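Numbering (the numbering used here), first residue to last: 300 to 520. The structure under discussion appears below in the form of structure tokens.
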Ligand code: GAR
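Written as structure tokens, this is what we have:
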């Protein structure tokens, strides 16, 4: 299915750090058949390594430092202005470590995605890999979901699973999940940008045949 106008959707990616998920979205969008283009990358942290990665491949970047604003609402006004300057229709949070006010999140409902490194609704919030190891789960993974005001609680768009292996540390588990994140986020964005996954009355509704999971890979290390 293509976007209604036949145009690629303009996407803003929000980051706070390294930007490896951002890079996977940029790479996917380099394919002209991908239904979205990355219009801008915005970081709330000056010097975030992801900014240089985006600039190196010719993507527009902006830094909107939350620390220079007196409150969250004025930071979000600046963020909204930044997204508008680049004609952004959909937003992807990619390691963006700020929590939005309810009005800002509500303004973007159905048009803002996040990736979280757990199989939601398990292990919301900080240190999801530590939480997963502590809980003793044998299967872990990552989730692309629509953003709603409540943290890590939005309707799920797509998920990928990985095994938890004997001897895993937070780092080894995080690395295995991250490799799946890089496959999953482009899939989730594609579904939403082409209209194959939509938020309706608080639930994700899929077009027939939309593939929404990446399987447990027995060879994953
Ligand atoms: C990723 O693992 C992402 O899922 C996680 O931060 C990392 C950012 O890495 N996001 C969250 O925990 C959000 N709750 P990246 O900057 O290399 O994409």
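C-beta: ideal position from N, C-alpha, C; glycine also. Note that the coordinates shown come from a computational prediction; the quantities given were computed from them, not determined experimentally.
Could you tell me the distance, in whole angstroms, from the CA atom of residue i to the CA atom of residue j?
i	j	result
residue 455	residue 346	31 Å
residue 512	residue 420	15 Å
residue 333	residue 489	7 Å
residue 301	residue 373	The predicted model places residue 301 with a pLDDT of 49, which falls under 50 and marks its position as unreliable; any figure quoted below should be read in that light. Looking at the two C-alpha atoms, the distance is approximately 36 Å.
residue 483	residue 444	11 Å
residue 382	residue 466	43 Å
residue 472	residue 423	16 Å
residue 498	residue 331	25 Å
residue 306	residue 337	13 Å
residue 313	residue 342	6 Å
residue 432	residue 450	21 Å
residue 326	residue 492	16 Å
residue 318	residue 500	32 Å
residue 324	residue 434	31 Å
residue 514	residue 355	33 Å
residue 367	residue 448	23 Å
Starting from residue i, trace the alpha helix (DSSP H) both ways and give me its first and last residue.
i	result
residue 348	348-355
residue 471	469-492
residue 500	Taken as a continuous stretch (DSSP letters only), residue 500 belongs to no alpha helix (DSSP H), as it is neither H nor E.
residue 450	Note, residue 450: premise wrong, no alpha helix (DSSP H); not H, not E.
Out of the options, which one is the CA nearest neighbour of residue i?
i	options	result
residue 417	458, 362, 308, 510	458
residue 384	472, 310, 355, 491	310
residue 441	369, 504, 409, 476	476
residue 503	478, 369, 412	412
residue 348	432, 500, 320, 389	320
residue 439	326, 495, 474	474
residue 506	500, 323, 494	494
residue 376	350, 356, 407	407
residue 453	437, 478, 401	401
Answer yes or no: does any C-beta atom of chain B fall closer than 7 Å to that of residue i?
i	result
residue 402	Among the protein chains of the structure shown there is no chain B, as only one such chain exists.
Measure the beta-carbon distance from residue i to residue j and round it to whole angstroms, keeping in mind my assumption that it falls under 8 Å.
i	j	result
residue 414	residue 480	6 Å
residue 315	residue 344	5 Å
residue 404	residue 339	With a Cβ gap of about 19 Å, residue 404 and residue 339 do not count as contacting.
residue 530	residue 410	Because residue 530 is not part of the residues shown, which for the chain are 300 to 520, the question remains open.
residue 496	residue 510	Actually they do not touch by this definition, with Cβ atoms about 10 Å apart.
residue 522	residue 322	The shown model of the chain, from 300 to 520, leaves out residue 522, and the question about it has no answer.
Considering residue i, what are the terminal residues of the beta strand (DSSP E) in which it resides?
i	result
residue 411	411-415
residue 324	No beta strand (DSSP E) contains residue 324, which is instead part of the alpha helix (DSSP H) from 319-328.
residue 406	Looking at the DSSP string, residue 406 is not in any beta strand (DSSP E); the run it does join, the alpha helix (DSSP H), is 401-406.
residue 462	455-462
residue 445	438-445
residue 378	No beta strand (DSSP E) contains residue 378, which is instead part of the alpha helix (DSSP H) from 371-384.
Could you tell me if the beta carbon of residue i falls within a distance shorter than 6 Å of some heavy atom in ligand 2?
i	result
residue 319	Among the ligands present in this structure, namely ligand 1, ligand 2 is not found.
For the structure I just gave you, are there three or more beta carbon pairs, one from the segment 424-436 and one from the segment 385-395, closer than 8 Å? no
Quick check: the segment 355-371 against the segment 461-468, are at least 3 beta-carbon pairs closer than 8 Å? no
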